[in-house]
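All remarks here apply to the structure that follows.
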Amino acid sequence: MGKDVIVACDFSSAEATYEFLDKFTGRKPFVKIGMELFYAAGPSIVKELKGRGHKIFLDLKLHDIPNTVKKAMSVLSNMDVDICNLHAGGAIPMMEAALEGLTRADGTRPLLIAVTQLTSTDQETMERDLLIKEPIDQVVMHYAENAKKAGLDGVVCSPLEAEKVHARCGKEFLTVTPGVRFADGDKGDQKRVMTPEQAKLIGSDYIVVGRPITAAADPVAAYERCVREFCD
Ligand code: C5P
Numbered sequence: 033m034g035k036d037v038i039v040a041c042d043f044s045s046a047e048a049t050y051e052f053l054d055k056f057t058g059r060k061p062f063v064k065i066g067m068e069l070f071y072a073a074g075p076s077i078v079k080e081l082k083g084r085g086h087k088i089f090l091d092l093k094l095h096d097i098p099n100t101v102k103k104a105m106s107v108l109s110n111m112d113v114d115i116c117n118l119h120a121g122g123a124i125p126m127m128e129a130a131l132e133g134l135t136r137a138d139g140t141r142p143l144l145i146a147v148t149q150l151t152s153t154d155q156e157t158m159e160r161d162l163l164i165k166e167p168i169d170q171v172v173m174h175y176a177e178n179a180k181k182a183g184l185d186g187v188v189c190s191p192l193e194a195e196k197v198h199a200r201c202g203k204e205f206l207t208v209t210p211g212v213r214f215a216d217g218d219k220g221d222q223k224r225v226m227t228p229e230q231a232k233l234i235g236s237d238y239i240v241v242g243r244p245i246t247a248a249a250d251p252v253a254a255y256e257r258c259v260r261e262f263c264d
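In the numbering used here, the protein residues as written are 33 to 264.
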């Protein structure tokens with residue numbers, strides 16, 4: 033898969049999602065279905081969007097004992113999503129079990145990427161609540177290396193970490209980066225942001241963009257602008 037823009041469909045119902053995606057009459061964007069939409073609309077939303085021709089990143093961030101994650105992943109694999117994810121904090125045995133569950137009888141499988149430390153966790157929270165005393169960027173890189181050791185395809189990370197992840201884990205190891213804003217746009221609650229063009233320069237493989245597209249006056253034009261800045 034090459035570089036692409038993934039649109040975060042953070043809607044609370046299937047209807048709102050269809051109303052938004054119906055605006056796209058030309059190219060079908062790669063979409064991200066997160067917990068809110070999946071829990072509200074159920075697995076049929078995946079089937080429906082797949083049927084409409086969208087590629088799907090199912091962002092459910094699994095984290096449980098290896099056997100449970102393995103079985104859950106085999107259900108997701110049958111839904112024919114393109115990318116799914118888990119928490120690297122579940123450790124290597126859980127990530128290996130996830131890959132096993134995801135792999136179909138014919139050897140094919142969706143891409144599997146790991147969340148390292150959530151970007152809502154900072155150094156202070158990590159030390160106080162998780163008793164992890166190492167510098168946070170070392171923790172993120174260590175988790176990325178664990179994901180690679182387990183055989184995963186990449187990580188979700190801040191665009192500011194993408195370059196380092198590639199240096200440590202190789203060019204082929206995917207970096208999927210949210211926190212993208214247009215140079216002239218509103219940052220909202222995202223603090224450390226990059227433009228699509230900057231994300232391209234630092235080597236992100238996929239950017240995940242929500243509100244700059246979903247809340248734009250012309251979402252299709254905003255999407256096309258992202259594609260132009262990031263992919264061309
Ligand atoms: O609207 P916005 O562009 O900020 O949306 C970014 C998307 O990426 C949201 O679905 C958000 O939950 C997700 N995300 C993020 N930061 C992370 C991981 C996921 O913003 N570290």
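Positions of the beta carbon are idealized from the N, C-alpha and C atoms, including for glycine.
Check: residue i C-beta below 6 Å from any heavy atom of ligand 1
i	result
Q222	yes
P228	no
G40	It is Ala, not Gly, that sits at residue 40 in the sequence shown. At least one heavy atom of ligand 1 is nearer than 6 Å to the Cβ of A40, so yes.
V241	yes
G66	yes
P61	no
P210	yes
T151	yes
Sub-7 Å separation of residue i and residue j beta-carbons
i	j	result
L162	L144	no
V101	A146	no
K64	F89	yes
G211	S190	yes
R224	P244	no
N117	K93	yes
K55	V241	no
E156	K165	no
A182	I97	no
I38	Y238	yes
L134	M173	no
A215	T227	yes
P142	D114	yes
D91	G66	yes
Contacts around residue i, its chain only, beta-carbon distance under 6 Å, and the 5 residues preceding and following it disregarded
i	result
A46	A73 and I77
G122	H95
Q222	G211
C263	K35
Counterpart residues of residue i in DSSP-defined beta bridges
i	result
M226	V212
V187	A146 and T207
D218	According to DSSP, D218 bridges with nothing at all.
D96	Bridge partners of D96: none, in fact.
D91	G66
I239	V37 and T209
Contact set for residue i: own chain, Cβ-Cβ below 7 Å, skip 5 residues either direction
i	result
A179	A120, M127, A146 and V187
A176	T148, V187, V197, R200 and C201
Under the three-state DSSP convention, the category residue i falls into
i	result
L163	coil
H119	strand
G133	helix
V63	strand
T148	coil
G40	A small fix is needed here, since residue 40 is Ala in this sequence, not Gly. In this structure, A40 counts as strand in the three-state DSSP scheme.
V172	helix
F56	coil
D113	The identity of residue 113 in the sequence shown is Val, whereas the question assumes Asp. V113: coil per DSSP, three-state reduction.
I234	coil
P75	coil
A48	helix
R260	helix
G83	helix
Beta-carbon contacts of residue i that lie in its chain and below 8 Å, excluding the five residues immediately before and after
i	result
D169	E193 and K196
Q230	P191
H86	L53, K60, P61, F62 and V63
Y71	none
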